[in-house]
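What follows is a set of notes on a single structure, which appears directly below.
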Amino acid sequence: MGVKKKNFLIDCSEAGICCDKAQYKDASFSEKAKLLIHLIYCKICRKRTFRNSKLTKLIKESKLQSCPEDQKKVWKEQIQTKNTTENP
Amino acid sequence: MAANSLNPNNWVDKYSDYLFNYTIVRVNDREIANDIISETFLAALKSAKNFKGEASERTWLISILKRKIIDYYRKINSRKGKAEVRINYNTDSNEGDWLEEQVADSSDMTAEDVMENNELGLAILDCLDSINEKHAAIFKRKTIDGLDTEEICNEFDITPSNLWVIIHRARTALAACLEKNWF
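Chains as they are written, first to last, in UniProt numbering: chain X, 1 to 88; chain D, 1 to 183.
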């Protein structure tokens, strides 16, 4: 696979990175163009891109949130204080 | 010998996002969710001696969290009698407004959709647990917190190329894990 793809503009690993950047809207115009050209002839990357886009959709649908760092600090302090009194 | 042991100093780093996402969809209020998780951690420390090590640390914390959520609803239900019920839609001054208020929002999800999405979120966090800790942290900063590449690079002291390689590995692992566990 690798030898054949080296004749073209970008290889599969670079296409993978471009695809990831595109998921976060961080890909430049040239990166998007290179990716699209690569996708024309690379079936494996087309499949990977489809899978990657599906993952983005799932993450969006899941509405995952992370706790604010301040709150984590409060919990850590609470645990540390309580832990030393409960289990000295 | 017990298969699992407790390490309270790691609870916040390892489980707080999971516990938070588990709680938020059930109580629908960040402040209340934070309070319930705080109570969960304290209750867990109090009963740490009773931990037999048969379940994983996270399963054990979730079982305490479930009790705390039930306690929360019991508490608010006991105040039910004091609830104010608005039934005066058809006063002269606001006639007509009520129709607009009562029209179903087409974008509203059903309770089942919300729970399914929450389960999906928890499955994603589960999968992230199984990949390299640093990769998972960087992935969360980029994908869940939506931080800029530059900001994350400064925080973790890595180059943008490193970041994208890490994100690529994390996404590949996550997609494979979800395909195995979710679909």
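Heads up, the beta-carbon is just placed ideally off N, CA and C, and yes, glycines get one too.
Query                                                                                                                                                                                          : Result
Which first and last residues belong to the alpha helix (DSSP H) in which Leu40(D) is found?                                                                                                   : Note that residue 40(D) is Thr in the sequence shown here, rather than Leu. Segment 30-46, the alpha helix (DSSP H) holding Thr40(D).
List the residues of chain X that Ser38(D) touches, going by C-beta distances under 8 Å, in chain order.                                                                                       : Val74, Trp75, Gln78
When the cut-off is 8 Å and only beta carbons count, does Arg67(D) lie next to chain X?                                                                                                        : no
Identify which residue in Ala176(D), Leu6(D), His168(D), Ser16(D) has its Cα closest to the Cα of Asn83(X).                                                                                    : Leu6(D)
How would you list, in chain order, the residues of chain X whose beta-carbon sits under 7 Å from the beta-carbon of Leu42(D)?                                                                 : Gln78, Lys82
Using the beta-carbon of each residue, which ones in chain D are nearer than 7 Å to Cys67(X)?                                                                                                  : Ser16, Asp17, Phe20
Let me check understanding here. Comparing Cα to Cα, which of Asp70(X), Cys42(X), Lys57(X) lies closest to Ala15(X)?                                                                           : Cys42(X)
Determine the burial state of Tyr73(D): buried for a count of at least 16 other Cβ atoms within 10 Å of its Cβ, exposed for fewer.                                                             : exposed
Quick one: list the residues of chain X neighbouring Lys140(D), beta-carbon separation under 7 Å, in chain order.                                                                              : Ser66
Return the Cβ separation of Leu163(D) and Thr149(D) in integer angstroms, given the expectation that the two are a contact with Cβ distance under 8 Å.                                         : 6 Å
Closer than 7 Å by C-beta to Thr23(D): which residues in its own chain qualify, once you throw out the five before and the five after it? Chain order, please.                                 : Ala33, Ile36, Ile37, Leu65, Ile69
Please go through the same chain and pick out, in chain order, the residues whose beta-carbon is closer than 8 Å to the beta-carbon of Gly2(X), but skip the five residues on each side of it. : At Gly2(X) the pLDDT is 47, less than 50, meaning the model places this residue with poor confidence; the figure from the coordinates comes in the next sentence. Asp11, Cys12, listed in sequence order.
Would you say Arg171(D) faces chain X, with C-beta separation under 8 Å as the test?                                                                                                           : yes
Tell me, please, whether the CB atom of Ala175(D) is closer than 8 Å to any CB atom in chain X?                                                                                                : yes
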